[in-house]
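S.K.: Below is a structure I'd like to ask you about.
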Amino acid sequence: MFGLKIDFDQPYYLLLLLLIPVLWVFSFKSLSGLGPYRRLFALSFRTLVFSLLVLALAGIQLQKISERMTVLYLLDQSESIPKATREAMLEYVMKDVEAHRHRGDLQSAAEDKAGVIIFGREATIEHPPIADEVRTVGALESLFELRTDATNIASALKLAQASFPEDTAKRIVIVTDGNENLGDARTIARTLADSGIGIDVVPISLPTLAEIAVEKVALPSDIRRGQPMEARVVIENYSQKDVKGRLRVMRRYGNIDELLGGEELAVVLKPGKNVFSFEHTIDVPAGYTYKADFVPDDATADVQLQNNSASAFTHVRGKGRVLLIEDWENPGEFAYLIQRLGEMNIEVDVMPSNRLFTSLAELQGYDCVVLANVPRASGGETEKQETSNFSDDQITMLVRNTEQFGCGLVMLGGKSSFGAGGWANTELEKAMPVDFQIKNAKVKAVGALVMLMHASEMAQGNHWQKVMCEEALKVLGPSDYCGTLHWDDFAGSDKWLWSDTTGKGLLQVKDRQKLWLGKLSRMTPGDMPQFDPAMQKALKELIPNPASIKHMIIISDGDPSPPGPNTLPAFKKNNIRISTVAVGTHGPPGSTPLQNIATATGGKYYVAANPKALPRIFQIEARRVARPLIKEDAKGIPLVISDPGHEMLQSVADVQPITGFVYTQKKENPLVEVLIRAKDVDPENGTILAAWTFGAGKTVALTTDAGRSWANAWTGSEDYDKLFSQMIRYAMRPVNEEGKFTIATDVKDGKVRVVVTALDKNDEFLNFLNMSAAGSGPEMENIEINFRQEAPGRYVAEFPADKAGSYLLAVNTGQGNNMLLTGVTVPYSAEFRERETNEALVKTLAGLRPVGGQAGQVISGDLKKGAVDRLVASVDTFRRTLAKAVSSEDFWPIFLLIAAGIFLVDIFIRRVTVHFYWLTPALAYAWNRVRGRQIEAAPDERMARLRNRKAAVANQLDERRAAARFEPQAADSSGPPRDYEQVIADATAGGPAAAAPPPTQQPTATPQAEQDTYTERLLAAKKKAKRE
Amino acid sequence: MTEIAPQAAHSRRVWLQTAAGGACALAAGCLAPGGPQTGRLEKVWGQRGKTPGKLNKPRAITIDAEDHLYIVDITPRIQVFSTDGKYLRGWQTPAFANGRPSGLAFASDGNLLVADTHYFRMLVYTPAGKLLDSRTIGGECGSGPGQFGFVTDCAQDSRGNYYIAEYGEFDRIQKFSPDGKFLLQWGSHGHDLGQFLRPQKMVLDNDDLLWVADACNHRVQVFDARSSEAKVVRSWGRNGHAPGELNYPYDILLDPAALAGRPEGFVYLCEFGNHRVQKFTREGEFVGLWGKNGRGEGELDQPWGITRDSRGRMYVLDTYNHRVQRFRL
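Chains as they are written, first to last, in our numbering: chain A, 450 to 1477; chain B, 52 to 380.
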């Protein structure tokens, strides 16, 4: 009733109530003096107090039962479901919520809630559960960041469980084909059922239409240079008829693409498996990637196009190849070096930084990678110019390529390299023999950066603002200064995100980077009304700041009021540039002020149409404050060779002074070899050439350039050729061709199987080798595997490959330095293998019976855009068949308080007599008043009673007097009046002895009595009476 | 003991006298006129949402002669409510990809003026939501006469002339004839008298004096723009968080007495930055305040607008709490 229920925290205390009869027995006797009514009252109250105490002890709780319900829709957006069906899901949700949700009114807010979670490889909230219809502008908003190449129902269930509000019944409606390939939905669903959460499932039936899938490209395990080999393409035709189409097989090595067979092949696929062979030879040793694509002539013959290509990778060893990555904004900067290396028989491929490698496999054809004065991010100087950067993944690939696969990594200096290139705090810094951030306070390599954040109105604004700030902060070194300004909603003013005790917000980074990253993750910038106060705040701290380069970045939609007339000149005067980034500006009035700010202070103006470009822009901008890391001296910086015996410096007679280099910090590691350093600079920071072994490979850092502007004195000499060729050869992957190993790989059922056959020089099996392998998956995740020997000379290992992409392995044969490289490509996600709905899972999930409720339902029907009404009508997803939400509130303190109050009443009843004599006259009075009678002055009853009593006593006295046989004594009427007490005493005494004579009267008859006390007289009178 | 007792009794008497005196003084103080007034909350309504009757960051509020509240939010819909929050009707502005309207006011003929901020124009709607295209003023971005930056608010005087305020590159107010012809403009970006930093809201009193909430200058400016020139006749307000100080006043409201120019009239300012409503005399003397930052009832989060019904009850747009609060001050 009223949705309330009573419950107890420790119900066994209620047994104490059995003591109530005992209480009655004892109290009944001890309260006997009170009279029947008071005893009854006292007993009742005492019982009540005791009962309340027991209830309080038992922890009485009031439970509120909520009638509300929350339904979360889990929409499977994985690629195994046709796109049209995925798009129809939202329509189904909108109509279903509209049809079945119980609405309340605005005041009570007692209405059902609905929310949407979408999932693929992971899950994300599309629409949080709120008490409203689900309305969106069409497409799913959070889909762009969801990876749809896998189905992870379990993660969606977990997210749903965490997202449910507390005070409602809970139901999940999963719209899926049930083909999960990550996680275990059954286990999670069972825990949900245990928490009372119901599950309905809308199964998606997959169309049984024509389907073609390129299964794999198979290459022989033992490829020899110059010998004919066969590449086989396996294509599966799932339909029942022949399908015509074109097959194209590309072979790629370095930047060269070749079409096998010279042209596209017109083929006819029979139902079932089809195999096509391409015979060819490999003449150039390198890493090769094969890719096969099938295009059907009739587009309707194939539903899913994603599974129409497959690829494979192989590696043919030969002489070393070098990949040189240069800044795409300064092409040809290293042309001289490349030409000289070519002369020294080292082949160099050049890759501009805006056309970077995308997989680790691409790097496998090279034995050394050179980063030649490349900044981490570049471009974006004008509105239309692209920005490019090394993504975190690409940096990890570079590092992995060295650490695990033994490839050399050389970093050549210049104005955009090392710390000055924004490479600080990256994986790359860890791989190099020098750190890019300067710890030495004497080196005045300090910059100051202020970021002003106002991007709250863009989609996912807070998320992107955090990402950008984090990227910028990572570029800065410990000596740099950084501050972040934002509009604080609560304070109603602009605030520094971090500040010291004096309120300063532009602080030296030192070791506070992690602390600040934490603050950034909690930042929620508000809607700034105007720029000026924040810019004044920044200016106030930037002007006295000791940094040699000061910079400010503003990100905004441009609608705050522009800065005041004196603000921008003040920035200009103090040589502080402001770069502005426009996101979602409201037309020209928004963008013009931002443009003006940048122009007036000499900064850059960016327009970010895609939020993904923002972190790149911030990296580029933050790099500006890293400029002081460059040391330049036109007069020449003399150098010292500290290790002339090193193989890089063999036969190098001398090194000429240079005119510039980038400051770095030598790593505190005995493995670091510093070969050349600047003479008059702190040895810690003046490294010119250093090297060390990093994992399976070697890395080299040259902090000056290759002769374009700083090391001009080196060019043209023999030493130049020797130094650079020896540097590259030192770093290159070692070539070791002893022993005969063949390696074969195969992908089946989401697993990769690697088979190594080991023979020695005499073709005898090599047994009991301690073989292991390490590698990287498509997302740069580590793969560690161990081999087991299955037969003489045959070693086998397996690992799961649930993601599409290249899996690269470096197999350590356990014999010397011999390392085998191999790669496997999983052409497409497991999603595209699925052909049928997983009905077993659908039924299991819907069949689970939640605690306190009924099992869910399978909502079957066609899910098509514009035709979801039947599906909506078939089941009420907001039906009340689940355990209602109960919220408990402790009630015992109130019970304790009431018990204390009643205890007082109990005492009152026992100590104070209450009568109701006044009741009747009061009623009478009231009655008279009501009837309007003249109220007579009511005689005071108490006085009347007193008078009556007095009269009665007087009568009694007279009677006694009359009856007494002693001499009458005339009362002296002239004497003083006798008081009432005396009269009573006299009456009780019953004789003349008690009646005191008037004081003036002389004692005559009983002189003895005059000396007696009152008691003696009383006793005497008593005796006399007895005698008579 | 005998010596101390009288002293103790004396001190007790003194204490009691002091306490009684203090209590009297306190009571008198509370009742005394002239102390800061505090408001009284009457009703809270509104919930976040996109469906009819729900609000999402409501940005401007106004009221018609029948005490119907017109509210525009960032979805952006113009919704009409009763004074108790009952949803009556609603409609959307023609375009909103660039941004949403941020000003509403009623014309003397009972039609609704909408400051379509990011489309550089003033729209005119009938109370039923029909757009009167022919009466639109502006639509072009620029600094020339009849062009606009971000339009913040519109108002119409007793002679039917329109005043349209804007901010952005050019903080100014333009005056147009009843048929939409440009008449006059004044103001520029700055702190001086007659200049503006985001003139966010305007009100015309019965004498056609224009009261402007100069938001980022944290002040009120009153102009006489009845002739061919606009003159500042009054200006007050300074930045701060203390009672009587202003922090981004986003809306201004004059009670009927203030509109009539009587000295007992009051001016109400709704502060975006201080999360409250303050009450001033026409001369800018602080009288009282209501509201503080928070999510509870009677608490505000960055309010954008305020209005008053015929019964003297006031409505504040509690923007970031997505609701309306009715109160008296």
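Even for Gly, the Cβ is constructed at its ideal location relative to N, Cα and C.
Since this is a predicted model, take the numbers as computed values, not measurements.
(1) Measure from the alpha carbon of D1170 (chain A) to the alpha carbon of each residue in A:E728, A:Q788, A:V1074, then state which is nearest.
(2) Between the alpha carbons of A940 (chain A) and G324 (chain B), how many angstroms are there, rounded?
(3) Could you give the distance in angstroms between the alpha-carbon of A281 (chain B) and the alpha-carbon of G104 (chain B)?
(4) Any idea if G136 (chain B) is buried or exposed, counting beta-carbon neighbours within 10 angstroms, 16 or more meaning buried?
(5) Rounded to the nearest angstrom, what separates Q1044 (chain A) and Y1054 (chain A) at their Cα positions?
(6) Does the CB of Q376 (chain B) have a neighbour CB from chain A at under 8 Å?
(7) Residues in its own chain within less than 7 Å of G1144 (chain A) by CB, not counting five upstream and five downstream?
(8) So the candidates are A:V744, A:N911, A:F1110, A:V1324; which of them puts its Cα closest to the Cα of A662 (chain A)?
(9) Can you tell me where the alpha helix (DSSP H) with E1070 (chain A) in it begins and where it stops?
(10) Is it true that the CB of S802 (chain A) sits closer than 8 Å to the CB of E782 (chain A)?
(11) Judging by CA-CA distance, which residue of A:L754, A:V666, A:G1305, A:A748 is the nearest neighbour of L709 (chain A)?
(12) Spell out whether any CB of chain B is found under 8 Å from the CB atom of F939 (chain A).
(13) So for W341 (chain B), helix, strand or coil by DSSP?
(14) How big is the Cα-Cα spacing for E1390 (chain A) and L1372 (chain A)?
(15) With burial defined as no fewer than 16 other Cβ atoms inside 10 Å of the residue's Cβ, what is the status of K252 (chain B): buried or exposed?
(16) Could you name the residues of chain A that A266 (chain B) contacts, counting a contact when the two beta carbons are closer than 7 Å?
(17) Between the alpha carbons of I1358 (chain A) and Y462 (chain A), how many angstroms are there, rounded?
(18) Verify whether the separation of the beta carbon atoms of R620 (chain A) and R596 (chain A) is less than 8 Å.
(19) On the criterion of 16 or more Cβ atoms from any shown chain inside 10 Å, does K888 (chain A) qualify as buried, or is it exposed?
(20) Within a Cβ cutoff of 8 Å, which residues of the same chain sit near S1422 (chain A), ignoring the five residues on either side of it in sequence?
(21) Would you check if there are 3 or more beta carbon pairs closer than 8 Å linking the stretch 302 to 317 of chain B to the stretch 263 to 273 of chain B?
(22) Considering only DSSP beta bridges, list what F157 (chain B) is partnered with.
(23) If we count the other Cβ atoms within 10 Å of its Cβ and call it buried at 16 or more, is A70 (chain B) buried or exposed?
(24) Which of helix, strand or coil does DSSP assign to V375 (chain B)?
(25) Report the neighbours of Q353 (chain B) on chain A: residues whose CB is nearer than 9 Å to its CB, in chain order.
(26) If contacts are defined as beta-carbon pairs under 8 Å, then A505 (chain A) and A1349 (chain A) qualify, I think. What distance do you get, rounded to the angstrom?
(27) Assuming the contact rule is C-beta atoms closer than 8 Å, V1196 (chain A) and V1273 (chain A) should be a hit. Round their C-beta distance to whole Å, please.
(28) Identify which residue in B:R374, B:H373, B:M365 has its Cα closest to the Cα of E93 (chain B).
(29) Taking beta-carbon pairs under 8 Å, can you tell me which members of the stretch 209 to 243 of chain B lie near chain A?
(30) Per DSSP, which residues does C205 (chain B) bridge with? Please list them.
(31) Check the C-beta distance from T730 (chain A) over to P780 (chain A) and give it rounded, since I have them as a contact under 8 Å.
(32) So the candidates are B:V284, B:G291, B:N344, B:R327; which of them puts its Cα closest to the Cα of R333 (chain B)?
(33) Can you have a look at M1392 (chain A) and say buried or exposed, based on whether 16 or more other CB atoms are within 10 angstroms of its CB?
(34) Distance cutoff 8 Å, beta carbons only. Does R584 (chain A) sit that close to anything in chain B?
(35) Tell me whether the stretch 1230 to 1243 of chain A and the stretch 1125 to 1143 of chain A touch, counting them as touching only if at least three CB pairs, one residue from each stretch, are closer than 8 Å.
(36) Mind checking whether G189 (chain B) and G200 (chain B) have CB atoms under 8 Å apart?
M.R.: Let's see:
(1) The shortest C-alpha separation from D1170 (chain A) is found at A:Q788.
(2) Cα atoms of A940 (chain A) and G324 (chain B): separation of roughly 7 Å, rounded to the nearest angstrom.
(3) Roughly 41 Å between the two C-alpha positions.
(4) By the 16-neighbour rule on beta-carbons within 10 angstroms, G136 (chain B) is buried.
(5) Going by the C-alpha atoms only, they are around 6 Å apart.
(6) No, no contact with chain A.
(7) Counting only Cβ-Cβ distances below 7 Å, and skipping sequence neighbours, we find T851, E852, Q853.
(8) Closest option to A662 (chain A), Cα to Cα, is A:V744.
(9) Taken as a continuous stretch (DSSP letters only), the alpha helix (DSSP H) holding E1070 (chain A) covers 1063 to 1072.
(10) Against a cut-off of 8 Å, the Cβ pair of S802 (chain A) and E782 (chain A) comes out as no contact.
(11) If we check each option's Cα against that of L709 (chain A), A:V666 comes out closest.
(12) Interface annotation, F939 (chain A): in contact with chain B, CB-CB separation under 8 Å.
(13) When DSSP states are grouped into helix, strand and coil, W341 (chain B) belongs to the strand group.
(14) Distance between the alpha carbons of E1390 (chain A) and L1372 (chain A): 16 Å.
(15) Using a 10 angstroms sphere on the CB of K252 (chain B), the tally of other CB atoms reaches 16 or more, which defines it as buried.
(16) In chain order: P978.
(17) If I take the Cα positions, the gap works out to 29 Å.
(18) Contact flag unset, no.
(19) Counting the other CB atoms within 10 Å of its CB gives K888 (chain A) a total below 16, which places it among the exposed residues.
(20) Confidence at S1422 (chain A) is low in this model, with a pLDDT of 48, below 50, so the placement of that residue is unreliable and no value is reported for it.
(21) Yes: the two stretches touch, three or more of their Cβ pairs being nearer than 8 Å.
(22) Note: F157 (chain B) sits in a beta bridge opposite B:L163.
(23) With a pLDDT of 48 at A70 (chain B), under the threshold of 50, the predicted position of this residue should be treated as unreliable, though the coordinate-derived value follows. Under this definition A70 (chain B) is an exposed residue.
(24) In the structure shown, V375 (chain B) falls within a strand segment according to DSSP collapsed to helix, strand and coil.
(25) Neighbours of Q353 (chain B) on chain A, chain order: D938, G941, G975, D976.
(26) That belief does not hold up - the Cβ atoms of A505 (chain A) and A1349 (chain A) are roughly 10 Å apart, past 8 Å.
(27) Between V1273 (chain A) and V1196 (chain A) the Cβ distance is about 6 Å, and since that is below 8 Å, they are a contact.
(28) Out of B:R374, B:H373, B:M365, B:M365 has the C-alpha closest to the C-alpha of E93 (chain B).
(29) Result list: Y218, G219, E220, D222, H240, G241, H242.
(30) B:I215.
(31) Between P780 (chain A) and T730 (chain A) the Cβ distance is about 34 Å, and since that is not below 8 Å, they are no contact.
(32) Among B:V284, B:G291, B:N344, B:R327, the Cα nearest to that of R333 (chain B) is on B:V284.
(33) With fewer than 16 Cβ atoms within 10 Å of its Cβ, M1392 (chain A) is classed as exposed.
(34) Taking 8 Å as the CB threshold, R584 (chain A) lines the interface with chain B.
(35) Touching, no.
(36) No, they are not a contact pair.
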